[in-house]
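Notes for the one structure printed next.
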Amino acid sequence: MELLCCENIQQTPRAKPDPQLLEDQRVLQTLLRMEERYLPCVSYFQCVQNEIKPHMRKMLAYWMLEVCEEQHCEEDVFLLAMNYVDRFLSCVPTRKTQLQLLGSVCMLLASKLRDSKPLTIEKLCIYSDHAVSHRQMLDWELLVLGRLKWDLAAVIAHDFLALILHRLSLPSDRLALVKKHAQTFLALCATDFAFAMYPPSMIATGSVAAAVQGLDACSMTADELAEMLAGITGTEVTTGS
């Protein structure tokens, strides 16, 4: 009896893109309608936080991005985790010694929601060089959930990516590369608080425009590309000539 299994168990099974979801305008309109609900409500460095400064957030974001990359998390885990960080900091005064703990918990929650193989508390404690404990992670997981009112299914910029790219009808041989470059721009935007108050659709639109222009991935002029993107998300994009 042949019992050899040649299936690649290292590769995460993925469903093919659903054309019904990609083409249904109601999906895009629902995301556009909901996105501002998940933005930080204030510029919290001036109004809420006493110890936390913008450069501390940036350092935390780079560390979180490194963890997500090393653990091969889904592309949207980091973006969602940063959304949690900003929403929490916009309503809860936090000490700078608690910032890495907050980031760890937000990655834990985001990976549970968006990743097929979520991060574990044990791994996150190791990445923090045991600056946070297992008990602290459990306690703060409940704290963050409570402050976010258990509303974790936030709309993030990555949610718009496939919808925008599908409507651009780029050459199939350039699509994957454009998507990869756009994802890089999304991650970079998430590390900078200057972009935290912008709607995710605007960040996604700008990232796609930058990727398409940078890779010269379509025959459209800069103005034609900007006009098409504006028609998709209602976001005006200024592109280079």
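Anchor point for the sequence shown: position 121 equals 121 in the UniProt record's numbering, and the numbering is continuous, going up by one each time. For glycine and all other residues, C-beta sits at the position ideal for the given N, C-alpha and C. Quick caveat, the model's predicted, so the values are computed rather than measured.
Looking at the structure shown, is residue i part of a helix, part of a strand, or coil, going by DSSP?
| i | result |
| --- | --- |
| Gln100 | helix |
| Ile164 | helix |
| Leu152 | coil |
| Ser201 | helix |
| Thr221 | coil |
| Cys68 | helix |
| Ala81 | helix |
| Cys73 | coil |
| Arg14 | coil |
| Lys117 | coil |
| Ala110 | helix |
| Asp129 | coil |
| Asp24 | coil |
| Ser169 | coil |
| Ala226 | helix |
| Thr235 | coil |
| Asp216 | coil |
| Ser241 | With a pLDDT of only 49 at Ser241, under the threshold of 50, the placement of this residue in the model should not be trusted, and no figure is reported. |
| Ala194 | helix |
| Ala211 | helix |
| residue 246 | Residue 246 lies beyond the range of the chain shown here (1 to 241); nothing can be said about it. |
Taking C-alpha atoms, which residue in the options lies nearest to residue i?
| i | options | result |
| --- | --- | --- |
| Arg26 | Leu119, Leu163 and Glu51 | Leu163 |
| Asp151 | Glu66, Ser172 and Ala81 | Ala81 |
| Phe195 | Lys16, Gln46 and Lys58 | Lys58 |
| Gln71 | Val42, Val92, Glu122 and Cys41 | Glu122 |
| Pro17 | Met202, Leu161, Thr205 and Gln100 | Leu161 |
| Glu51 | Thr184, Arg95 and Arg147 | Arg95 |
| Ala182 | Leu165, Asp173 and Ser172 | Leu165 |
| Tyr38 | Trp63, His130 and Pro200 | Pro200 |
| Ser104 | Arg147, Val132 and Leu79 | Val132 |
| Pro171 | Lys149, Arg114 and Val212 | Val212 |
| Pro93 | Ala204, Cys47 and Gly234 | Cys47 |
| Lys180 | Glu74, Leu138 and Tyr198 | Glu74 |
| Arg14 | Lys117, Cys106 and Arg33 | Lys117 |
| Asp159 | Pro19, Leu32 and Thr235 | Leu32 |
| Glu35 | Trp140, Leu21, Tyr198 and Tyr44 | Tyr198 |
| Met228 | Ala217, Leu168 and Ala187 | Leu168 |
| Ile232 | Leu215, Val208 and Ile126 | Val208 |
| Asp192 | Asp216, Gln29, Gln20 and Ser43 | Ser43 |
| Val144 | Cys106, Thr97 and Asp115 | Cys106 |
What is the residue span of the alpha helix (DSSP H) that residue i lies within?
| i | result |
| --- | --- |
| Ser172 | Ser172 to Thr191 |
| Leu147 | This sequence places Arg at residue 147; Leu is not what is there. Element bounds for Arg147: His134 to Arg147. |
| Cys91 | Where Cys91 is concerned, there is no enclosing alpha helix (DSSP H), given that its DSSP letter is neither H nor E. |
Query - Contiguous alpha helix (DSSP H) assignments of at least 4 residues, all confined to the segment 34-59 - result: Those alpha helix (DSSP H) runs which fall completely within the segment 34-59 and span 4+ residues are 44-47.
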